[in-house]
Structure formats: C-alpha cells, structure tokens
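Undergrad: Sequence order for the protein chains is A and B. Numbering follows this note's numbering, with no gaps: position 23 of the first sequence is 23. Numbering follows this note's numbering, with no gaps: position 25 of the second sequence is 25. First, the structure itself, so that you have it in front of you.
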Amino acid sequence: MPTWFYPVLEGVIAFFLVAGGLFAFIGSLGLTHLKDFYMRLHGPSKTTTLGVGCVLMASMIYFRATTGHFSFQEMLVSIFLFITAPVTAHLLSKAALHQKLVADNRTRNVPERLEVAEEPDEVNAEASESRLP
Amino acid sequence: MLDIALWISIALFAASLVLNVFRLAIGPDLPDRILAVDTMYVNSIALIVLFGIQLNSKSYFEAALLIAMLGFVSTVAVCKYLLRGDIIE
C-alpha cells in the first residue's frame with residue numbers, strides 16, 4: 001500500500017467510528033424518550049444495529065491496514081448481529097402484543113384488541129357532543 | 001485523528017449504555033426491560049471492539065462473538081417464556 005494512502009484510511013476509520021457512536025447514541029435516546037413500547041422498538045432494532053455495524057467496519061479496515069491480513073471475527077460478529085436483530089425485534093413485538101401493552105394514540109395500525117392510551121380526538125368529540133343541548 | 005475519534009466513540013457508547021440502564025430501571029413493562037438488556041448487549045459488543053482497537057490487539061473479538069451469541073439466545077429464551085409460559089415445551 002502506498003504511504004499517501006494511510007491518512008485517507010485514517011480519515012475513513014475516524015468517520016466510521018464517530019458515525020457508529022452517533023447512531024448508537026441516537027438509538028438509545030429513542031429507547032429512552034419515545035412514548036410507548038411499539039415506538040421504542042424502532043430505535044435499538046434499527047439504529048443501534050447500524051451503529052455497531054459501523055464500528056465493526058472501522059475495526060475491519062483498521063486491522064486490515066495495520067496487520068496486513070483480513071480479520072474474519074468482525075465479519076462474523078456483524079453478520080450474526082445483522083441476522084439476529086430482526087428476529088429479536090419480531091419476538092419482542094410478539095411478546096408485547098401477547099401481553100397487550102397499551103399503545104400511544106400516535107402509533108399507527110394498532111390491532112383492535114389492544115387498548116390505546118388517550119385519544120384526544122375522541123375525547124374532544126365526546127366533549128363537544130356533551131356540550132350540545 | 002484516530003485517537004480523538006476513538007475517544008468520541010467510546011464516550012457516545014458509554015452514554016448510550018447509561019441511557020439503556022435508565023430505561024432498564026424505569027421501564028414500565030417487562031418487554032421494555034428485555035429490550036433495554038438486549039440493547040446493552042449490542043452496545044457492550046461495540047465497546048469491546050473499540051477497546052480492541054485502542055489496545056491494537058484482536059484477542060477480545062472472540063469475547064464479542066460470545067456476547068453476541070449468548071445475548072441473542074437469552075433474549076429469545078425470555079421472549080419465548082413471555083409468549084408461551086415455558087421455554088422448552
């Protein structure tokens with residue numbers, strides 16, 4: 001590898017590291033701040049997986065550049081994570097639907113047997129009807 | 001440049017672990033807590049990989065692989081327990 005290529009590689013690795021950290025932080029922020037469980041499932045199952053994928057990609061480039069041969073463990077970890085994250089999210093959503101967790105009123109496509117937390121539209125409609133003589 | 005990026009990434013992953021612990025403590029229902037633990041597994045894998053980059057050694061990546069597999073298996077087991085009331089039927 002030519003020597004001018006190493007600063008470029010360093011920039012690419014730094015970009016992947018910072019991007020991965022930001023993605024994971026945004027995913028955990030979504031896990032903490034969103035309203036109900038069905039919204040909270042989105043953050044970790046998509047964003048955090050992408051963040052860890054970015055970090056594993058940075059590690060792959062780094063060890064390829066320093067040691068000179070391709071390291072296979074990161075590839076295994078990232079393949080395994082990218083396969084198992086949707087399975088985990090699917091099973092968790094099935095468990096939540098089985099437990100009939102309360103959905104927020106901004107969650108769309110709620111099944112009929114679930115109860116929705118507060119619906120301001122319906123509440124307002126009832127209030128306006130009751131205000132009528 | 002790499003050192004600064006590494007420390008920024010480590011700080012962000014540590015902050016996300018703290019947020020996951022917060023959700024694990026206050027989570028109103030059981031699936032919330034399972035989701036928080038699963039996210040903590042994933043974030044700790046990334047922290048181990050960052051530690052390996054900082055020490056310039058690859059000997060920690062088998063531990064990352066083990067954590068990935070055990071985290072997936074344990075999450076599936078707890079979800080099956082919530083769904084069916086039993087793990088192995």
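Glycine included, each C-beta is placed from N, C-alpha and C at the ideal position. Since we're looking at a predicted model, the values are computed, not measured.
Show which residues of chain A have a CB atom less than 9 Å away from the CB atom of residue 49 (chain B).
TA: Here the neighbours are 52, 55, 56, 58, 59, 74, 77.
Undergrad: Under three-state DSSP, which class holds residue 137 (chain A)?
TA: One cannot answer for residue 137 (chain A) here, as it falls past the ends of chain A, which runs 1 to 133.
Undergrad: Along the segment 37–68 of chain B, where does the CB come closer than 8 Å to a CB of chain A? Name the residues.
TA: Those would be 38, 39, 42, 43, 45, 46, 49, 50, 52, 53, 56, 58, 61, 62, 64, 65, 68, in chain order.
Undergrad: Below 8 Å between beta carbons is the criterion; list the residues of the segment 19–31 of chain B that meet it against any residue of chain A, in chain order.
TA: From the segment 19–31 of chain B, only 19, 20, 22, 23, 29, 30, 31 have a Cβ closer than 8 Å to chain A.
Undergrad: Short check: CB of residue 50 (chain B) to CB of residue 6 (chain B), under 8 Å?
TA: Contact flag set, yes.
Undergrad: Please confirm whether residue 21 (chain A) has its beta-carbon closer than 8 Å to some beta-carbon of chain B.
TA: Closer than 8 Å: yes.
Undergrad: Comparing the C-beta of residue 16 (chain B) with each C-beta of chain A, is any distance below 8 Å?
TA: With 8 Å as the cut-off, residue 16 (chain B) counts as an interface residue toward chain A.
Undergrad: Strictly below 8 Å CB to CB, what residues from chain A border residue 35 (chain B)?
TA: Those within 8 Å of residue 35 (chain B) in chain A are 31, 37, 40, 41, 44, 92.
Undergrad: Starting from the beta carbon of residue 10 (chain A), find every residue of chain B whose beta carbon is closer than 7 Å, and list them in chain order.
TA: The answer, in chain order, is 1, 2.
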